[in-house]
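Engineer: Can you keep this structure in mind? I'll have questions shortly.
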Amino acid sequence: MLRVTVCAFLSMMVLVSTKVLSALEDYVIDPTHTYPNFAVSHLGFSTMYGRFDQTSGEFSIDREAKKGSVKITIDTATINTGLKKRDDHLRSPDFFNTVEFPTATYQATDIKFNGDDPEIIEGNLTLLGVTKPVTLTITSFKCGTNPMNNKAMCGVDITGQLKRSDFGMKYALPGVGDEIKLIISAEGYKK
Amino acid sequence: MSEWLNHPALQSGLAPFLAALIVAALFDYVRLSGLVVLAGFCTVVYLTLDFNFESLSITKKIVLSGLVAGGIAPLLAMLPDHWWFVRYVLGVAAGAVTLWVFWPVLAQKNLLDGRLLASGLTVWVVWLVVFSDFLSTQSVRAGAAGMGLGLGTGISAMLGASALLGQWGLAVGAACGAYLILQFMKNRSLSCGRTFTLPVSLLSGLLASAALLLARLPWYCLPVLAMIPLIVRLPIMQGMPIRIQVVGFSLLTLSIVAVSTGLVWYTEGTIPL
């Protein structure tokens, strides 16, 4: 009986210590402060900007083990460039084909750290049913307590670049640019 | 040069027209002028997208269906004329192809909407395939119907917010236009058969369905365009010179295209390019 009790106690201690040592923190995306923005050349004359209004997902970070994960789902039908007619066109099969492919997802495969903070996210973007690797650079990362609601949270600014033709989005090339710049701002609350 | 190749007018008009003209002239000797539709369609797909089937999306399935229909049609043309039931077998097959192409989107809908859309689109495609098949021995009427269906689908899809589907439809129309012009110049009929009617009807049907389902083509354009294979069967201009028939039946189908275009224009207006 004593041996069973000791074993159970030790197992519990191991579990607790693993949890403490791993320092893994899980966050859920705050959709009201998370917006993937994009920039694309319009006929070489100017740069047009747009964003997706609805994003969901979660991320986790373990600063001691220098590990983390990211999974983001973007509702592509919420594309917003400030002009309804253009947004309708962007939702059509010419571009995002949102009826057939209502979401785009990004899943990190590796996160590289600079000191205590994450700096580079390597992962796979699935868009229009095609999955390709996309690397994102974190330009700002801050965790703390939100003074408005006293909840623990992290915020991040991210940049990246991709070629839309890699995902089969080839309409109006090269007039509407192939290179898409990503500027993503995201926040998440600790679970 | 690449700037020219990227111009929509060349991609969906001039290039498919020229490709179709060459194919119609060359293959008339082996009675396969009907391959114009396949030639025009392959040209526009090559210039606007590619033949990469890595992600088998709805648009890629339409390309595949067009290629297969164009490929098997010459074999179907060899079947005996008195095998009337082939027409209905093709209709059933076209219905099955429609469900296969659009299943990923239909499956996302609720039961009632999904069934309603599936039946409506299937009836529309089967209608076009079966009634176009009646024209397979009348090259002028089939050509005018093909031009009307291609242009009608193309312009409507373009105004319905999908320029890509629009360009593909316009290319089918341009290819049929080349087929008609050659008949006008020679003042004689070219070979037709299912090599022409099957791909033109299937592609037009699928492209319009995609524009309705994936973009914003109003549903009421489809019954208007469905009149095209019927109106060219009117017992008029029989025995008249081919040139007169080409002009007459083209005007007839283009008038329906005008009605369809007007309907979409009224609802959707133009697209921002």
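Chains A and B supply the protein sequences, listed in that same order. Just so you know, the first sequence maps onto residues 1215 to 1405 in our numbering. Just so you know, the second sequence maps onto residues 3 to 275 in our numbering. The beta-carbon is built from N, C-alpha and C at its ideal position, and this holds for glycine as well. Predicted model only: the values in this text are computed from it and were never measured.
Taking any Cβ of chain A, which residues in the region 155-168 of chain B have a Cβ under 7 angstroms from it, in chain order?
Structural biologist: 163, 164, 165, 166 and 167
Engineer: Could you work out which residues of chain A lie near residue 51 of chain B, taking near to mean beta carbons separated by less than 7 angstroms?
Structural biologist: Translated into positions along the second sequence, residue 51 of chain B becomes position 49. Residues of chain A passing the Cβ test: 1384.
Engineer: Answer with buried or exposed for residue 63 of chain B, where buried requires no fewer than 16 other C-beta atoms within 10 angstroms of its C-beta.
Structural biologist: Indexing the second sequence from 1 puts residue 63 of chain B at position 61. Classification for residue 63 of chain B: buried.
Engineer: Quick one: Cα of residue 1352 of chain A to Cα of residue 1265 of chain A, how far?
Structural biologist: Residue 1352 of chain A sits at position 138 when you count from the first residue of the first sequence. Residue 1265 of chain A sits at position 51 when you count from the first residue of the first sequence. In a straight line, the C-alpha of residue 1352 of chain A is about 18 angstroms away from that of residue 1265 of chain A.
Engineer: If you reduce the DSSP assignment to three classes, tell me which class residue 1230 of chain A lands in.
Structural biologist: Along the first sequence, read from residue 1 onward, the residue named residue 1230 of chain A stands at position 16. With a pLDDT of 47 at residue 1230 of chain A, under the threshold of 50, the modelled position of this residue cannot be trusted, and the question is left open.
Engineer: Which one of B:96, B:215, B:262 and B:260 has the shortest CA to CA distance from residue 134 of chain B?
Structural biologist: For the purposes of this step, residue 134 of chain B is taken as residue 132 along the second sequence, with counting starting at 1. For residue 134 of chain B, the nearest C-alpha among the options comes from B:96.
Engineer: When the Cβ atoms of the region 1283-1303 of chain A are set against those of the region 203-211 of chain B, are three or more pairs found closer than 8 angstroms?
Structural biologist: These segments do not touch.
Engineer: Residues of chain B with CB under 9 angstroms from residue 1296 of chain A, in chain order?
Structural biologist: Within the first sequence, residue 1296 of chain A is the residue found at index 82, counting from 1. What residue 1296 of chain A touches in chain B: nothing, since even the nearest Cβ is about 12 angstroms away.
Engineer: Would you kindly work out how many angstroms separate the C-alpha atoms of residue 195 of chain B and residue 139 of chain B, rounded to a whole number?
Structural biologist: Translated into the one-based positions of the second sequence, residue 195 of chain B becomes position 193. Translated into the one-based positions of the second sequence, residue 139 of chain B becomes position 137. One C-alpha to the other measures close to 6 angstroms.
Engineer: Tell me, please, which residues DSSP counts as bridged to residue 1239 of chain A.
Structural biologist: Here the question's residue 1239 of chain A lines up with position 25 in the first sequence. Its beta-bridge partners are A:1275.
Engineer: Short check: CB of residue 173 of chain B to CB of residue 42 of chain B, under 7 angstroms?
Structural biologist: Counting from 1 along the second sequence, the entry for residue 173 of chain B is found at position 171. Counting from 1 along the second sequence, the entry for residue 42 of chain B is found at position 40. Their beta carbons are under 7 angstroms apart, which means residue 173 of chain B touches residue 42 of chain B by this criterion.
Engineer: Do you know whose CA, among A:1401, A:1354, A:1403 and A:1391, lies nearest residue 1255 of chain A's CA?
Structural biologist: Within the first sequence, the letter at position 41 stands for residue 1255 of chain A. The alpha carbon of residue 1255 of chain A has as its nearest neighbour, out of A:1401, A:1354, A:1403 and A:1391, the alpha carbon of A:1391.
Engineer: Suppose you measure from the CA of residue 110 of chain B to the CA of residue 116 of chain B; what does that come to, to the nearest Å?
Structural biologist: Working through the second sequence from its first residue, we reach residue 110 of chain B at position 108. Working through the second sequence from its first residue, we reach residue 116 of chain B at position 114. Using only the alpha carbons, I get a separation of about 8 angstroms.
Engineer: Counting contacts by CB-CB distance shorter than 7 angstroms, is residue 1330 of chain A in contact with chain B?
Structural biologist: Within the first sequence, the letter at position 116 stands for residue 1330 of chain A. No, residue 1330 of chain A lies away from the interface with chain B (no Cβ there is under 7 angstroms from its Cβ).
Engineer: Express the C-alpha separation of residue 1380 of chain A and residue 1357 of chain A in angstroms, rounding to a whole number.
Structural biologist: If you number the first sequence from 1, residue 1357 of chain A lands on position 143. If you number the first sequence from 1, residue 1380 of chain A lands on position 166. In a straight line, the C-alpha of residue 1357 of chain A is about 34 angstroms away from that of residue 1380 of chain A.
Engineer: The beta strand (DSSP E) with residue 1 of chain B in it runs from where to where?
Structural biologist: Nothing in the structure corresponds to residue 1 of chain B, since chain B is present only between 3 and 275.
Engineer: Under DSSP, the alpha helix (DSSP H) around residue 270 of chain B begins and ends at which residues?
Structural biologist: Looking up residue 270 of chain B in the second sequence gives position 268. Counting along the chain, the alpha helix (DSSP H) containing residue 270 of chain B begins and ends at 244-270.
Engineer: Go through its chain and collect everything with a Cβ distance to residue 154 of chain B's Cβ below 6 angstroms, but skip five positions before and after it.
Structural biologist: Counting from one through the second sequence, the residue named residue 154 of chain B turns up at place 152. Cβ neighbours of residue 154 of chain B beyond the five flanking positions: 227, 259 and 262.
Engineer: How is residue 1297 of chain A classed by DSSP in three states: helix, strand or coil?
Structural biologist: The residue given as residue 1297 of chain A occupies position 83 in the first sequence. In the structure shown, residue 1297 of chain A sits in coil (DSSP, three-state: anything other than H, G, I, E or B).
Engineer: So, residue 19 of chain B versus residue 180 of chain B, is the Cβ gap smaller than 7 angstroms?
Structural biologist: Position 17 of the second sequence, counted from the start, is the residue given in the question as residue 19 of chain B. Position 178 of the second sequence, counted from the start, is the residue given in the question as residue 180 of chain B. Closer than 7 angstroms, so yes.
Engineer: Can you have a look at residue 58 of chain B and say buried or exposed, based on whether 16 or more other CB atoms are within 10 angstroms of its CB?
Structural biologist: Counting from 1 along the second sequence, the entry for residue 58 of chain B is found at position 56. Here residue 58 of chain B is exposed. Its C-beta has fewer than 16 other C-beta atoms within 10 Å.
Engineer: Give the residues of chain B in contact with residue 1338 of chain A, contact being defined as C-beta atoms less than 7 angstroms apart.
Structural biologist: For the purposes of this step, residue 1338 of chain A is taken as the residue at position 124 of the first sequence. None at all; the shortest Cβ gap to chain B is about 14 angstroms.
Engineer: Taking Cβ positions, are residue 39 of chain B and residue 93 of chain B nearer each other than 7 angstroms?
Structural biologist: Taking the second sequence and counting its residues from 1, the one referred to as residue 39 of chain B is at position 37. Taking the second sequence and counting its residues from 1, the one referred to as residue 93 of chain B is at position 91. No. Outside cutoff.
Engineer: Taking 8 angstroms as the threshold, find out whether the region 21-36 of chain B comes into contact with the region 1282-1293 of chain A through three or more Cβ pairs.
Structural biologist: No, because fewer than three Cβ pairs between the region 21-36 of chain B and the region 1282-1293 of chain A fall closer than 8 angstroms, the two stretches do not touch.
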